[in-house]
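Counting in the working numbering, the sequence shown runs from 42 upward without gaps.
Here a beta-carbon is modelled for each residue, glycine too, at the ideal position from N, C-alpha and C.
Nothing here was measured: the structure is a model prediction, and the numbers come from that model.
Below is one structure, written out as structure tokens, with a few remarks after it.
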Amino acid sequence: MAAAGTGVFFDGATSARRAVLVELTRDGVVVRDAEERDMLARWPYDELDRLAAPEGVLRLGHAGARLLARLEVRDPALAAAIDEASVPVDRSGAGERKSRLKVIGWSIAAVVSLLFGAVFGVPALADRIAPLVPLSAERWLGEAVDTQARRMLDNGTAGGTFECGTGSGEAEGRAALAVLIGKLEAAAALSLPLDAKVVRRSEANAVTLPGGHIYLFQGLVDKSENPDELAGVIAHEIGHVAHRDGTRAILQSAGLSFLFGMLLGDFVGGSAVVIGARAVLQSSYSREVESAADRYAVELMNRAGGDVRALGAVLTRLGGAVHPGIAILADHPDTKARVAVIESLAGASAPPQPLLDPAEWRALKRICTGR
């Protein structure tokens, strides 16, 4: 098979976004660095997993790769060739549904989704539905997705418990995190409580789930140089909570099957939770959504009394080494452009007051180590 082209590859281990050459062989997809020509991945066709993606993008994962590893192809001809070569790959998650009732339920949801999607388009449909989801349902959704997301993120390689702040010597760090979140939560005045935690993952990342759940990765805490930089990232993620972007992403990916799950229990909801969790962890928000979260972060930091320019500082420093999909730093508007907008929004703001004192910040930096 001679088909070949270009794409963008994320290995799931580092925060690098790499331009790659994509080659379709007899057995699978081979990914090579565009400059060095080193082979980065070889994914058999029967192990490919098609992920949620914007229109015009083919986004592939691999069953045996790291959770966050993915390949993105924008060339329609190459995408079509991959699609043809990988048939008949099961990309619907049907293997996880072991009863005929669940298959029937998914079929009903799929038909209804197609009908609504034909009228409104899937993204537009999600945009219409997300604001209408009751907060109680969003909290239920968040709890369900949180359980599944925790399983996906906990690779068991970090040692200790997955969540930081629960081990010996880590209580002070947990208390400092509570102080920081409390100040931002009070300034945000959301309709639902925040549940923020630091977890043992090395990427400089943050993940927001429906219902106010926020995962801060240890790598982000390690790379933040002061409390306001970390607070700026958290404020950005709170923007996604306030705008219900996680719920919207799940509806775009899992469609009306999630609504059926809410109404009918595990009739179709169990498998939809898996799809929904992956949708949030691997989704890339649009430029408009990310820009709105940036604006929200600036306003929130201003209300909280922190340094409104801190988000721009951390974006500038980490913008060259970003993580795909779930990070606030990847697949988003150009870093320089984002920082320029943040600076313009900050304007002549009042002198900031650090959101944590030095002792609290030192404790938070040790939340995963206890020393």
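By DSSP, does P85 sit in helix, in strand, or in coil?
Reading the sequence shown from its first residue, position 44 is the one you call residue 85. DSSP places P85 in strand when its eight states are reduced to three.
Which residues in the same chain as T207 place their Cβ atom closer than 6 Å to its Cβ, once the five residues preceding and following it in sequence are excluded?
For the purposes of this step, residue 207 is taken as the residue at position 166 of the sequence shown. Closer than 6 Å at Cβ, skipping near neighbours: no residue.
Where the alpha helix (DSSP H) through A334 begins and ends:
Walking along the sequence shown from the start, residue 334 turns up at place 293. Element bounds for A334: 328-345.
Go ahead and pull the three-state DSSP assignment for A245.
Working through the sequence shown from its first residue, we reach residue 245 at position 204. Three-state DSSP puts A245 in coil, outside helix and strand.
Measure the C-alpha to C-alpha separation of V71 and R111 and round it to an integer number of angstroms.
Locating residue 71 in the sequence shown gives position 30, counting from the first residue. Locating residue 111 in the sequence shown gives position 70, counting from the first residue. About 13 Å.
Measuring alpha carbon to alpha carbon, tell me which residue in D269, A245, A283 is nearest H254.
Sequence index remark: in the sequence shown, residue 254 carries index 213 (1-based). Selected option, being the one with the closest Cα: A283.
Tell me where the alpha helix (DSSP H) around V282 begins and ends.
To locate residue 282, count along the sequence shown from 1; it is residue 241. Per DSSP, V282 belongs to the alpha helix (DSSP H) from 268-284.
Kindly indicate the opening and closing residues of the alpha helix (DSSP H) around G353.
As a working note, residue 353 is residue 312 in the sequence shown. Per DSSP, G353 belongs to the alpha helix (DSSP H) from 351-359.
Between E76, D375, L250, A121, which has its C-alpha nearest L359's C-alpha?
Residue mapping note: residue 359 aligns to position 318 of the sequence shown, counting from 1. Out of E76, D375, L250, A121, D375 has the C-alpha closest to the C-alpha of L359.
In terms of alpha-carbon separation, which member of Y86, A60, E64 lies closest to E77?
Locating residue 77 in the sequence shown gives position 36, counting from the first residue. The shortest Cα separation from E77 among Y86, A60, E64 belongs to A60.
Suppose you measure from the CA of S127 to the CA of L92; what does that come to, to the nearest Å?
Here residue 127 refers to the residue found at position 86 of the sequence shown. Here residue 92 refers to the residue found at position 51 of the sequence shown. If you take the alpha carbons of S127 and L92, they lie about 14 Å apart.
Rounded C-beta distance between E113 and G48? I'm assuming under 8 Å.
To locate residue 113, count along the sequence shown from 1; it is residue 72. To locate residue 48, count along the sequence shown from 1; it is residue 7. Correct: roughly 6 Å between the Cβ atoms.
Return the CA-CA distance between T66 and L322, expressed in angstroms with no decimal places.
The count along the sequence shown starts at 1 and reaches residue 66 at position 25. The count along the sequence shown starts at 1 and reaches residue 322 at position 281. In a straight line, the C-alpha of T66 is about 29 Å away from that of L322.
Close-in-space but distant-in-sequence residues of the same chain around W84 (CB under 6 Å, 5 per side omitted)
Position 43 of the sequence shown holds residue 84. Around W84: G69, V70, H103.
Suppose the cutoff is 7 Å on Cβ atoms and the five residues either side in sequence are ignored; what does the same chain contact list for L356 look like?
Here residue 356 refers to the residue found at position 315 when the sequence shown is read from its first residue. If we look at L356 and ignore the five residues flanking it on each side, its Cβ neighbours are L370, T376, R379, V380.
Whole-angstrom distance between A230 and A354, CA atom to CA atom:
Locating residue 354 in the sequence shown gives position 313, counting from the first residue. Locating residue 230 in the sequence shown gives position 189, counting from the first residue. Going by the C-alpha atoms only, they are around 26 Å apart.
Is it buried or exposed, S265, if we count other Cβ atoms within 10 angstroms and call 16 or more buried?
Numbered from 1 along the sequence shown, position 224 holds the residue referred to as residue 265. The residue is buried, with at least 16 neighbouring Cβ atoms inside 10 Å.
Touch check for the stretch 271-283 and the stretch 334-347: three-plus C-beta pairs under 8 Å?
yes
With distances taken between CB atoms, is the gap from Y256 to V240 smaller than 9 Å?
On the sequence shown, residue 256 is found 215 positions in, with the first residue counted as 1. On the sequence shown, residue 240 is found 199 positions in, with the first residue counted as 1. Contact flag set, yes.
Since I believe T288 is in contact with P234 (beta carbons under 8 Å), could you give me their beta-carbon distance rounded to a whole number of angstroms?
Counting from 1 along the sequence shown, the entry for residue 234 is found at position 193. Counting from 1 along the sequence shown, the entry for residue 288 is found at position 247. Not confirmed; about 16 Å, so no contact.
What would DSSP say about V98, mapped onto helix, strand or coil?
Within the sequence shown, residue 98 is the residue found at index 57, counting from 1. Three-state result, V98: coil.
What did DSSP end up calling D79 once you bin it into helix, strand or coil?
Within the sequence shown, residue 79 is the residue found at index 38, counting from 1. DSSP places D79 in coil when its eight states are reduced to three.
CA-CA distance, H373 and W181?
As a working note, residue 373 is residue 332 in the sequence shown. As a working note, residue 181 is residue 140 in the sequence shown. In this prediction, H373 scores a pLDDT of 48, lower than 50, which makes its location untrustworthy; no coordinate-derived value is stated.
How would you call E384, buried or exposed, if buried means at least 16 neighbouring beta carbons within 10 angstroms?
Translated into the one-based positions of the sequence shown, residue 384 becomes position 343. With fewer than 16 Cβ atoms within 10 Å of its Cβ, E384 is classed as exposed.
Under a Cβ-count criterion, where at least 16 other Cβ atoms within 10 Å of its own Cβ denotes burial, should E329 be classed as buried or exposed?
Sequence index remark: in the sequence shown, residue 329 carries index 288 (1-based). Label assigned to E329: exposed.
Nearest-angstrom Cα separation, counted from L176 out to R58
Here residue 58 refers to the residue found at position 17 of the sequence shown. Here residue 176 refers to the residue found at position 135 of the sequence shown. Rounded to whole angstroms, R58 to L176 spans 36 Å at the Cα level.
Taking its Cβ as the centre, do 16 or more other Cβ atoms sit within 10 Å of R192, making it buried, or is it exposed?
Indexing the sequence shown from 1 puts residue 192 at position 151. Classification for R192: exposed.
With distances taken from CA atoms, which of V248, L261, G260 is nearest A290?
Along the sequence shown, read from residue 1 onward, the residue named residue 290 stands at position 249. Nearest option by C-alpha distance: V248.
Could you spell out the range, first to last residue, of the alpha helix (DSSP H) harbouring E64?
Walking along the sequence shown from the start, residue 64 turns up at place 23. Note, E64: premise wrong, no alpha helix (DSSP H); beta strand (DSSP E) at 59-65.
What do you reckon, are the CB atoms on S232 and G260 nearer than 9 Å?
The residue labelled residue 232 in the question sits at position 191 within the sequence shown. The residue labelled residue 260 in the question sits at position 219 within the sequence shown. No, they are not a contact pair.
On the CB-based measure, 16 or more other CB atoms within 10 Å of its CB, does E179 come out buried or exposed?
Here residue 179 corresponds to residue number 138 of the sequence shown, with the count starting at 1. By the neighbour-count rule (16 or more Cβ atoms within 10 Å), E179 is buried.
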